[in-house]
Structures are given as structure tokens and as C-alpha cells.
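Using the working numbering, you'd call the opening residue of the sequence shown number 98 and step up by one each time.
Cβ atoms here follow ideal geometry from the backbone N, Cα and C, with glycine treated the same way.
Being a predicted model, the structure only gives us computed values, none of them experimental.
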Amino acid sequence: MDYILLTLGAGVVSLLFAFWRTTWINRQDPGTEKMQNIGKYIADGAMAFLKAEYKVLIWFVLAVAVLLAISAEYSAEHSSPMVGLSFVVGALCSGLAGFLGMRVATKANYRTSNAARTGLEKALAVAFAGGSVMGLGVVGLGVIGLGGLFVIYANFFHMTGTDEHSVGLVLNIISGFSLGASSIALFARVGGGIYTKAADVGADLVGKVEAGIPEDHPLNPATIADNVGDNVGDVAGMGADLFESYVGSILGSMVLGAYFINDPAMQAHEFGGLGAILLPLVLAGLGIVCS
98 MDYILLTLGA GVVSLLFAFW RTTWINRQDP GTEKMQNIGK YIADGAMAFL KAEYKVLIWF
158 VLAVAVLLAI SAEYSAEHSS PMVGLSFVVG ALCSGLAGFL GMRVATKANY RTSNAARTGL
218 EKALAVAFAG GSVMGLGVVG LGVIGLGGLF VIYANFFHMT GTDEHSVGLV LNIISGFSLG
278 ASSIALFARV GGGIYTKAAD VGADLVGKVE AGIPEDHPLN PATIADNVGD NVGDVAGMGA
338 DLFESYVGSI LGSMVLGAYF INDPAMQAHE FGGLGAILLP LVLAGLGIVC S
């Protein structure tokens, strides 16, 4: 389990680095008053959408978690009502990844525009920092969520590398984490995409058809909505989607590794049959460090 704790440490470092980049972005010059006002309109619109979406998703997550817990209670022995808890944690981490990415993106966009007035290099640095917060937040939350639940459930159910039942039980429960992440990603990606395209079409219709002005013209009243849609779909939705893919790939590899716990070569290893299960998590932690 020492390797898992080191992996959790890598996840914490990832989040701390993301926080440091966020503070660096906040220290950058926000630009003129007009830039700040437009940036505030976009940020307020994006956060209004997220709040409205998450208010609905809260009830969905709770309802599905209860159903999962009830079904697990009366299902096969390789399951537990705790799968509902894993589902809630996965949904929370997925939503948090999108939320953090959007908060930083709406602060970095007009700071990037202002930095571009002085040179391309400074603008690229600000934009890259804003994107790195989303990436590091996704991998940090994913590793901490999966690794943390694995350690908790492994100790709670006294999992060993020679007990197929306990290994299967723990992995089945953790699979709820991936399901929760996938559920939020579905709504965030599809819902955000619909909002994005609706705002884009609206800006086209109002500007080009009605008034004869370009889509992104400052006089087009739908330009703000169009920019809000870009943040909603391409930042929050993308963040939840990437989180789901990241978690699903790690967990899928862990499930495949469970088939090797009785392999003599694995039993002879210091991990005691758990090497193939722990490997995906450890590689994810190493990936964070290398990044």
C-alpha cells in the first residue's frame, strides 16, 4: 500500500500545483475596464449555467445512488451498498473538475487578451497556465478519488492478494466511482454542447441575418452568450468528459489485472498478487510527476 500512498501524494501535488497556477493567473493584469466588464459578463453567465445544471444533477445523483445501494443490498455477494457512496464521490469529483476548470478559464480569457497586447509570448504563458489548471485538476482528482477509495475499501473489507472474493468485491464497489463520473460527463458534455450550439446559432441569426453584422462583432448582443457557451461546452463539459475517460481507463485496467491475482509469478512478487491491480494507479501517479 506504500505505492498507493505515494500515488495519492502525487495527486495532492497535482492539485497544489494547479492552485499555484491559479494564483499566478489571478495576479496577471486583467486589462482595461471594458475588458474586465466583458469578462465578468461571460463569467457570470457561465456560472449561472453551471449552478442551474448542478441543481438538477444533485437530485439525479442522489436518486441513482440510492437505487444502486438498494440493488447491491439484494444482489450477488460480490457487491455492497457502498457502491452508492462510490457513485456519489465519482459524480462529485467529475463536477468539481469541470467547475474548477471553468472558474479559472473565465479569469484567464480576458487576461490572455490583455497580455496579447504586449506580445505573443506572454499571452501564450497565461493561456497555457489556464489550461494546465484544468488538466492537473482532472488527473489529481482522479488519482485521489480512485486511490483513496481503494485504500479505504481494501482496509474495510480486509482485502488480500490471495482472496479473490475480497478483491472482486472492492473493485466492484469502486466501479461506482467511474459510473458517477460518466453520468456527470454525459450531462455536462451534452447539455453544455446544446447550450453552446444554441448560442452559436443565435449569434449567427441575430447578427448575419437580422442586422448584417459578423457573429463576433461587439454590437451583436448574442456575442456574450456565444462566449458563455464556449466556456460551458469546451471547458466544463470537456473537463468532466476527460475526467470520465481518465478514471475509466485506470479502473478498467485494474479490473483486468484482477484476473492475475492467482498467477504464481504474481504471488511470488512483493505485492502479493495485487501487482497487476496496483500498476495502473502507480503509472497514473508517475504520469503526474512526469508532467
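query	result
Based on Cα-Cα distance, which residue from 249, 354, 126 and 101 lies nearest to residue 220?	126
Out of 130, 206 and 248, point me to the one whose CA is closest to residue 327's CA.	206
What span of residues does the alpha helix (DSSP H) with residue 302 cover, start to end?	That residue, residue 302, is in no alpha helix (DSSP H); it is neither H nor E in DSSP.
Check whether the Cβ of residue 113 lies closer than 9 Å to any Cβ atom in chain C.	Here there is only one protein chain, and chain C is not present.
So, residue 181 versus residue 166, is the Cβ gap smaller than 9 Å?	yes
With 16 as the cutoff for other CB atoms within 10 Å, does residue 333 come out buried or exposed?	buried
Using C-beta distances below 6 Å, list every residue in its chain close to residue 255, excluding the 5 sequence neighbours before and after it, in chain order.	none
With DSSP as the reference, label residue 136 as helix, strand or coil.	helix
Within 10 angstroms of the Cβ of residue 134, are there 16 or more other Cβ atoms? Answer buried if so, exposed if not.	exposed
Quick check: residue 204 and residue 227, are their CB atoms within less than 9 Å of each other?	yes
Check each candidate in 121, 282 and 176 and name the one with the smallest Cα separation from residue 269.	176
By the 10 Å Cβ neighbour count, where 16 or more other Cβ atoms means buried, how is residue 130 classified, buried or exposed?	exposed
Less than 9 Å separating the beta-carbons of residue 188 and residue 277?	yes
Considering only residues of the same chain and omitting the five flanking positions on each side of residue 195, which have a CB-CB separation below 6 Å?	285, 333, 336 and 337
Under the assumption that residue 347 contacts residue 243 (Cβ atoms under 8 Å), give the Cβ distance between them as a whole number of angstroms.	6 Å
Nearest to residue 193 by CA position, among 161, 168, 163 and 112, is which residue?	112
Classify residue 124 as buried or exposed, calling it buried when 16 or more other Cβ atoms lie within 10 Å of its own Cβ.	exposed
What span of residues does the alpha helix (DSSP H) with residue 238 cover, start to end?	217 to 253
Beta-carbon separation of residue 279 and residue 183 under 9 Å?	no
Have a look at 274, 357, 316 and 208 and flag the residue whose alpha-carbon is nearest the alpha-carbon of residue 343.	274
From this set, 340, 158, 353 and 214, which residue's C-alpha is nearest residue 132's C-alpha?	214
Is DSSP giving residue 128 helix, strand or coil here?	coil
On the three-state DSSP scale, how would you describe residue 171?	coil
Mind checking whether residue 163 and residue 246 have CB atoms under 9 Å apart?	no
For residue 338, report the span of its alpha helix (DSSP H) as first-last.	335 to 354
Which residues bound the alpha helix (DSSP H) around residue 322?	320 to 328
Compute the Euclidean distance between the alpha carbons of residue 231 and residue 379, then round it to the nearest angstrom.	21 Å
With DSSP run on the structure shown, which of helix, strand or coil describes residue 214?	coil
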